[in-house]
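A short worksheet on the structure shown next.
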Amino acid sequence: MKRVYDFLKKCGTYYLATMDGDQPRVRPFGTIALFEDKLYIQTGRSKNVSKQIKANPKIEISGMTGGKWIRVEATAVED
1 MKRVYDFLKK CGTYYLATMD GDQPRVRPFG TIALFEDKLY IQTGRSKNVS KQIKANPKIE
61 ISGMTGGKWI RVEATAVED
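Now the structure itself:
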């Protein structure tokens with residue numbers, strides 16, 4: 001997980017994809033943290049992204065830097 005974290009930090013901006021019903025939604029994020037080998041993102045509970053994750057916790061994160069890219073699929077949990 002450290003390699004994923006390091007890559008996303010190097011990107012500066014990465015993209016988080018969620019589902020809003022049957023419509024995919026993608027938005028830029030910048031903050032990410034690593035704690036006890038888990039990735040953490042931050043968003044407000046009142047934001048649509050938070051509501052979408054609560055309704056369907058399957059997400060994807062993608063980022064690109066230096067001509068290389070990463071895509072990570074995950075199930076988000078509130079912690």
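With the working numbering, letter number 35 in the sequence shown gets 35, and the count goes up by one each step, no holes.
Each residue gets a CB set at the ideal place from its N, CA and C atoms; glycine is no exception.
Go ahead and pull the three-state DSSP assignment for residue i.
| i | result |
| --- | --- |
| Asp6 | helix |
| Ala76 | coil |
| Gly67 | coil |
With a cut-off of 8 Å on the beta carbons, I'd call residue i and residue j a contact; round off their distance for me.
| i | j | result |
| --- | --- | --- |
| Ile59 | Leu8 | Actually they are not in contact, since the Cβ atoms of Ile59 and Leu8 sit about 13 Å apart, beyond 8 Å. |
| Gln52 | Thr18 | 4 Å |
| Val26 | Pro57 | With 8 Å as the limit, Val26 and Pro57 do not qualify as a contact, their Cβ atoms being about 16 Å apart. |
Just the C-alpha distance for residue i and residue j, rounded to the nearest angstrom, thanks.
| i | j | result |
| --- | --- | --- |
| Phe29 | Tyr14 | 5 Å |
| Gln101 | Val72 | Absent from the model: residue 101. The displayed extent of the chain is 1 to 79, so no value can be given. |
| Lys68 | Gln23 | 27 Å |
| Tyr40 | Gly63 | 15 Å |
(request) State whether the region 43-58 contacts the region 2-10, with contact taken as three or more CB pairs (one from each stretch) at a distance under 8 Å. (result) no
(request) Report the residue ranges of all alpha helix (DSSP H) runs contained in full by the region 7-61; include only those spanning at least 4 residues, in chain order. (result) 48-55
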